[in-house]
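Sequence lines, in order, name chains X and U.
Sequential numbering of the first sequence, starting at 1057, is according to the numbering used here.
Sequential numbering of the second sequence, starting at 20, is according to the numbering used here.
No residue lacks a Cβ here, since even glycine has one placed at the ideal position from N, Cα and C.
Computed from a prediction, not measured in an experiment: that's the story for all the values here.
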Amino acid sequence: MHNSNQTPLSRTARLLDLVPYVASHQGIEIAALAQNFNVTQPQIISDLTTLWMCGLPGYTHLELMDLSFDSGFVTIHNAQTLSNPRSLNSEETIALLLGLDLVIESLPTERSDLRDRARALVEKLSARISINAKLTAIPSAAGSVRALIEDALTKDSWVEITYHSSYSDTVSTRLIHPLELQLEGGYEYLWAICHSARGLRVFKMDRIQKLVPSPPPEAPLYAVDNQAEKTVYVIRVHTRPRAAMERFSLDRDSLSRDNEILSFSSEWVMRSIMASSGSVEVLEPSGLRIEIVKSAQGILDRYNGH
Amino acid sequence: MSRKIERLINLTIALLATKRYLTKSEIFRSVDGYAGSAETMERMFERDKDDLRNLGVIIEVGSFDPVFQDEAGYRIKPEGYSLNLGEISGVEIALLSLAAEAWRGAALDDAAHSALTKLHSMGVESDLDALPAISPRLNPTHSDFQVIALAISKREVISFSYLSAEMVAQIRTVEPYAIATRNSHWYLAGRDIEKNELRTFRLDRIDGEISISQIGQGFDIPAGFDVFASLESDELVNIATVDIRKGKAHLLRVVADSCVDKGEWEQITVRYFDHQHFVDQILWHGADVLVIHPSALRNQVISALEDIVHFHA
């Protein structure tokens, strides 16, 4: 409940919007009305009482709006002048335009009928606020997939995914235990224990075609929890601090100090250090330092024709 | 306070219902709530007009008698006041509802919700069953997102402090053209006034508040402007030839323009826009990618590798 709901202006706006809402939802419960307008029930009753005094000049029962809400159910009559909803303001229109673009991108490709309808709505709305730029919202991963992954990460639960592997160009179903979402090169990756592959695997988020919550496997080959222990890595940022901050999710104020990061996967840390192109150094564990030198030197040797 | 609100509602109703312009004296005589001296009523009316305009209600000023233009009159045209989306079906309402729902918990949540209330007041039943079960979500973003959204629609110049690659905060003053999101990041594109160039900003790199600049307003947004197309214009494109190990480095393979089989390796050509970013991307793939051409890119990768060895040896 916001305080901004209580200024005279926001109350006036709410009253103007209440009339058409009630007019199109005759008999709605006060509780439902309060919930929709995000205010308390006493506030809605006070709003309705104020409206009760309003109408056309003359202000006899012939001109006043006819509201009834004593029973806990609200009806309104004699309110034709205000019964059409107000036009959308710029902010509302922009919200719908960006939302629609996301909806278009999220609709299955075979539903071109719906995409076309949504595009027509975009045109209608854009014309209203004279925004001639394209408002674009491209989903990072199918909306429903992302929401479910986040849910699984919070609940520490298992999911079954249908995954398109570009490696083998095949679609497979796998039982996985999501561990961590990482952003790399503008793409989102999911690190997970894959029961089907018996190990830690990385999945590109936009290649997960379908996802359903699932009970854990009956007989995991190994205790998953032991495998999923996070390791501490100590890193030092030498140059390009913003890139390092974003890649390793570092705290802005601690960029000049050595930072401890936690990860499930030394592979991810190693790739991330390589992809920092010499701007970030691993201090610990020392074993990883040795591996990194070995790998970098190996690639250098290839460039130098050895 | 209630009296004031009542008066605003009654004024709106009176001005909406009238077929002709109402003069001030008619308003003071007939609309409930105007009382006191002529001066008091005058002041009340001026404030009320401002308040209604702030709510987005368009009050037209005109004269009902073109011959005697001495006294101005006022009215609210219903076609400007009410939501008019033309013929609209339940499926379209459902699509718009889904668009509004995408904001749940994100920057324009309140605006999306009030839009939804208006859409659901049109008396058209939303036909959600006609849509496939998708629930697209927009990511939370900068808390001043609304400021940008409004500035774009009002053509207002904004300024903010932006973190450079070196984490130095610099004040940028921008004519905002569009906002867009991709891969969970939000972008703002517009003309950087000082640099007089088109620039794109990531919203999570904006440090602190976004303010409306006093420099002015009323710029033009290029027709059909598209944030991502502007980021990837042909002028900025570079082409690289790289070898990738078969079955590896899918990220690069999927964006390749061409691909030649070389046995254990494949040679691809790939377009890229930012040198440093591309070097980072190549090194992410470690020993699975080798740059062949151009030599400047190859040298940049080699020197990055030397830095990595230097720091860790």
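Secondary structure of Pro1297 of chain X, DSSP reduced to three states:
Helix, per DSSP.
Coil, strand or helix - Thr205 of chain U by DSSP:
Residue identity differs from the one stated: residue 205 of chain U is Trp in this sequence, not Thr. DSSP places Trp205 of chain U in strand when its eight states are reduced to three.
Residues, ordered as in the chain, of the segment 243-267 of chain U that lie near chain X by beta-carbon distance below 9 Å
Cβ contacts with chain X come from Gly243, Phe244, Asp245, Val246, Phe247, Ala248, Gly266 and Lys267.
Looking at Val289 of chain U: is its Cβ nearer than 8 Å to the Cβ of Ala268 of chain U?
In this structure, Ala268 of chain U does not lie closer than 8 Å to Val289 of chain U by Cβ.
Is there a Cβ of chain X sitting closer than 8 Å to that of Met60 of chain U, yes or no?
No, because no Cβ of chain X sits closer than 8 Å to the Cβ of Met60 of chain U.
Would you call the CB atoms of Thr31 of chain U and Tyr1077 of chain X closer than 8 Å?
Going by C-beta atoms, Thr31 of chain U is not nearer than 8 Å to Tyr1077 of chain X.
In the DSSP assignment, the alpha helix (DSSP H) including His269 of chain U goes from what residue to what residue?
Unbroken alpha helix (DSSP H) run through His269 of chain U: His269 to Arg272.
To the nearest angstrom, report how far apart Tyr100 of chain U and Trp1324 of chain X are at their CA atoms.
Using only the alpha carbons, I get a separation of about 56 Å.
Under 8 Å between the Cβ atoms of Ile229 of chain U and Asp163 of chain U?
Ile229 of chain U places its beta carbon less than 8 Å from that of Asp163 of chain U.
Which first and last residues belong to the beta strand (DSSP E) in which Glu213 of chain U is found?
That residue, Glu213 of chain U, is in no beta strand (DSSP E); it is neither H nor E in DSSP.
Would a check of beta-carbon distances place Asp1172 of chain X closer than 8 Å to chain U?
The beta-carbon of Asp1172 of chain X is placed no less than 8 Å from the nearest beta-carbon of chain U.
Indicate the three-state DSSP secondary structure (helix, strand or coil) for His1133 of chain X in the structure shown.
Note: His1133 of chain X maps to strand in three-state DSSP.
Within 8 Å (strictly less), CB to CB, does Arg1254 of chain X reach chain U?
Taking CB atoms only, Arg1254 of chain X has no neighbour in chain U less than 8 Å away.
Curious, which full-length beta strand (DSSP E) runs of at least 3 residues does the segment 252-318 of chain U contain?
The qualifying runs are 257-264, 275-281, 284-291 and 308-312.
Val80 of chain U vs Gly109 of chain U beta-carbon contact at 8 Å:
Result no, Cβ atoms of Val80 of chain U and Gly109 of chain U do not sit closer than 8 Å.
Given a cut-off of 8 Å, decide if Ser145 of chain U and Ser116 of chain U are closer than it, judged by their beta-carbon atoms.
When the beta-carbon positions are compared, Ser116 of chain U and Ser145 of chain U come within less than 8 Å of each other.
Taking only beta-carbon atoms, is Val8 of chain U less than 8 Å away from chain X?
Residue 8 of chain U lies beyond the range of chain U shown here (20 to 332); nothing can be said about it.
Burial state of Asn1282 of chain X, where buried means 16 or more other Cβ atoms lie within 10 Å:
In this prediction, Asn1282 of chain X scores a pLDDT of 46, lower than 50, which makes its location untrustworthy; the coordinate-derived value is nonetheless stated afterwards. Exposed, because fewer than 16 other Cβ atoms sit within 10 Å of the Cβ of Asn1282 of chain X.
Give me the Cβ distance between Asp262 of chain U and Ile311 of chain U, rounded to the nearest whole Å; I'm assuming they're in contact under 8 Å.
With a contact defined as Cβ atoms closer than 8 Å, Asp262 of chain U and Ile311 of chain U qualify at about 6 Å.
Exposed or buried, what is Arg1142 of chain X when buried is set at 16 or more other beta-carbons lying within 10 Å of its beta-carbon?
Result: buried.
Apart from the five residues on each side of it in sequence, which residues of its chain come closer than 8 Å, Cβ to Cβ, to Leu1318 of chain X?
If the five residues before and after Leu1318 of chain X are omitted, its C-beta is found closer than 8 Å to the C-beta atoms of Lys1286, Thr1287, Val1288 and Tyr1289, all from its own chain and listed in chain order.
Which residues does DSSP list as the beta-bridge partners of Leu182 of chain U?
The bridge partners DSSP lists for Leu182 of chain U are U:Ala188.
Best match in X:Gln1238, X:Ala1253 and X:Ile1355 for proximity to Met1261 of chain X [C-alpha to C-alpha]
Nearest to Met1261 of chain X by alpha-carbon distance, out of X:Gln1238, X:Ala1253 and X:Ile1355, is X:Gln1238.
With a cut-off of 8 Å, do at least 3 Cβ pairs link the segment 183-200 of chain U to the segment 237-245 of chain U?
As far as the Cβ criterion goes, the segment 183-200 of chain U touches the segment 237-245 of chain U, which means the pair count is three or higher.
Does any C-beta atom of chain U lie closer than 8 Å to the C-beta of Pro1141 of chain X?
Yes, Pro1141 of chain X lies at the interface with chain U (some Cβ there is under 8 Å from its Cβ).
Nearest residue (CA-CA) to Asp307 of chain U, options X:Ile1346, X:Leu1235 and X:Met1330:
The candidate whose alpha carbon is nearest that of Asp307 of chain U is X:Met1330.
Would a check of beta-carbon distances place Leu1138 of chain X closer than 8 Å to chain U?
With 8 Å as the cut-off, Leu1138 of chain X counts as an interface residue toward chain U.
If Gln165 of chain U sits next to Leu127 of chain U, beta carbons under 8 Å apart, how far is it from one beta carbon to the other, in whole angstroms?
Beta-carbon to beta-carbon, Gln165 of chain U and Leu127 of chain U are separated by about 7 Å, close enough to satisfy the 8 Å threshold.
Mind checking if Lys23 of chain U is an interface residue toward chain X, Cβ cutoff 8 Å exclusive?
Yes, Lys23 of chain U counts as interfacial toward chain X.
Assigned secondary structure, Gly55 of chain U (DSSP; H/G/I helix, E/B strand, else coil):
Collapsing the DSSP output to three states places Gly55 of chain U in coil.
Relative to the C-alpha of Arg72 of chain U, which residue among X:Leu1112, X:Leu1231 and X:Asn1145 is closest?
For Arg72 of chain U, the nearest C-alpha among the options comes from X:Asn1145.
Min CB distance Asp1073 of chain X to chain U below 8 Å
Under the Cβ distance rule, Asp1073 of chain X counts among the residues neighbouring chain U, one pair being separated by less than 8 Å.
Coil, strand or helix - Arg156 of chain U by DSSP:
DSSP, read as helix, strand or coil, puts Arg156 of chain U in coil.
Nearest to Phe1093 of chain X (by Cα), restricted to the options U:Ala119, U:Ser133 and U:Leu302
Taking the Cα of Phe1093 of chain X as reference, the smallest distance to any Cα among U:Ala119, U:Ser133 and U:Leu302 is reached at U:Ser133.
Which of the three DSSP states is assigned to Pro1064 of chain X in this structure?
Helix.
For Ile1355 of chain X, would you say it is in contact with chain U, using Cβ-to-Cβ distances shorter than 8 Å as the test?
Proximity of Ile1355 of chain X to chain U, defined by a Cβ-Cβ separation below 8 Å, is satisfied.
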